[in-house]
Amino acid sequence: TGSTRPQRLLRAVQKNATQGDPQSVINAIDHFCRHKEWAMNVGDEKGSILDSVVSEVNPSTALELGTYCGYSTVRIARLLPPGSQLITLEFNPAYAAVAKQVIGWAGLQDKVQLVEGPSGDLIPQMKDLFGVQSFDFVFLDHWKDRYLPDAKLLEECSLLRKGSVLLADNVICPGTPEYLEYIRNSPRYESRYFKSHLEYTKVEDGLEKSVFLG
Ligand SMILES: Cc1cc(-c2n[nH]c(CCNC(=O)c3cc(-c4ccc(F)cc4)cc(O)c3O)n2)ccn1
Ligand SMILES: [Mg+2]
1 TGSTRPQRLL RAVQKNATQG DPQSVINAID HFCRHKEWAM NVGDEKGSIL
51 DSVVSEVNPS TALELGTYCG YSTVRIARLL PPGSQLITLE FNPAYAAVAK
101 QVIGWAGLQD KVQLVEGPSG DLIPQMKDLF GVQSFDFVFL DHWKDRYLPD
151 AKLLEECSLL RKGSVLLADN VICPGTPEYL EYIRNSPRYE SRYFKSHLEY
201 TKVEDGLEKS VFLG
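Throughout the sequence shown, residue numbering follows this note's numbering, covering 1 to 214 in sequence.
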């Protein structure tokens, strides 16, 4: 039984990043994925777009669907104002175990609540589990066929308010056609596409930013 890719990514963070320095954790993961092994982190190019949207929204409460190794969790949490919280949902226990250590290495554990389980089950529990009224910002980066049902679930659970921002990764590759069709044609959202590339590659991909109009 050898190591898994997430475990090798974590080892690269522990070897090359400085504890308590989120930017060094981001740089170590990007270097590992560009020069050693590709991994499905949002990456540096789309990550810069993520940073600009998070900074613009300046969320008090944020939700991430799909933690993986915690790369985008660190990108988001490092920009959050004091007293704000990021809740991140991960289905795969092995990913969650690595992400917890990556987030800890960055020193951001006090800003992040990592919850294991399927998004469809956890979203309806957000109010009870965390006393969340609504989310100012949601980053969708989990199973691509869950983007649409989970966006609808967030609406149904009244977890979105007028002005809430949804940012969706991978709307081109692997692609989320049903989600794009719905969100771009819904009168309840104002959407904009940010053209970019699949992490660490020249393949086209992009982020869709959608503002909930209430
Ligand atoms: C709470 C909850 C959480 C999850 C959940 N947690 N973690 C994930 C991972 C999801 N992410 C991806 O699959 C993904 C894939 C690619 C990709 C792969 C191979 C290619 F060739 C090209 C592109 C690129 C990406 O950027 C991706 O994000 N799902 C699922 C359910 N419920
Ligand atoms: Mg992604």
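Built from N, CA and C at the ideal position, the CB exists for glycine as well.
Residue i: first and last residue of the uninterrupted alpha helix (DSSP H) it sits in
| i | result |
| --- | --- |
| Val-112 | Where Val-112 is concerned, there is no enclosing alpha helix (DSSP H), although the beta strand (DSSP E) it sits in stretches over 112 to 116. |
| Val-54 | 43 to 57 |
| Gln-14 | 5 to 16 |
| Thr-176 | From DSSP, Thr-176 is part of no alpha helix (DSSP H); its letter is neither H nor E. |
| His-35 | 22 to 35 |
| Phe-130 | 126 to 130 |
Length of the line joining the Cα atoms of residue i and residue j
| i | j | result |
| --- | --- | --- |
| Val-54 | Ser-3 | 34 angstroms |
| Pro-59 | Glu-116 | 22 angstroms |
| His-142 | Leu-65 | 5 angstroms |
| Ser-158 | Ser-84 | 20 angstroms |
| Gly-47 | Asp-205 | 12 angstroms |
| Val-165 | Thr-1 | 42 angstroms |
| Lys-209 | Asp-169 | 9 angstroms |
| Thr-201 | His-31 | 13 angstroms |
| Leu-180 | Val-171 | 7 angstroms |
| Ile-123 | Leu-154 | 7 angstroms |
Nearest residue (CA-CA) to residue i, options the options
| i | options | result |
| --- | --- | --- |
| Cys-173 | Val-132, His-197 and Gly-117 | His-197 |
| Lys-15 | Leu-166, Asn-170 and Val-102 | Val-102 |
| Leu-213 | Leu-114, His-142, Arg-161 and Ala-106 | Arg-161 |
| Arg-146 | Leu-89, Leu-10, Phe-32 and Lys-195 | Leu-89 |
| Pro-93 | Asn-41, Lys-111, Gln-109 and Pro-6 | Pro-6 |
| Pro-118 | Asp-128, Val-138, Phe-135 and Asp-150 | Asp-150 |
Close beta carbons around residue i, own chain, < 6 angstroms, minus the five adjacent residues each side
| i | result |
| --- | --- |
| Val-132 | Thr-61 and Met-126 |
| Phe-194 | Ile-49, Gly-206 and Leu-207 |
| Tyr-71 | Ile-29 and Asn-41 |
Extent of the continuous beta strand (DSSP E) to which residue i belongs
| i | result |
| --- | --- |
| Tyr-193 | 189 to 197 |
| Lys-100 | Unbroken run through Lys-100 is the alpha helix (DSSP H), 93 to 106; no beta strand (DSSP E). |
| Ile-87 | 85 to 90 |
Contacting residues, own chain, Cβ-Cβ under 8 angstroms from residue i (five flanking each side not counted)
| i | result |
| --- | --- |
| Arg-8 | Phe-32, Lys-36 and Glu-37 |
Relative to ligand 2, what is the chain-ordered list of residues with a Cβ closer than 6 angstroms to any of its non-hydrogen atoms?
Met-40, Val-42, Asp-141, Asp-169 and Asn-170
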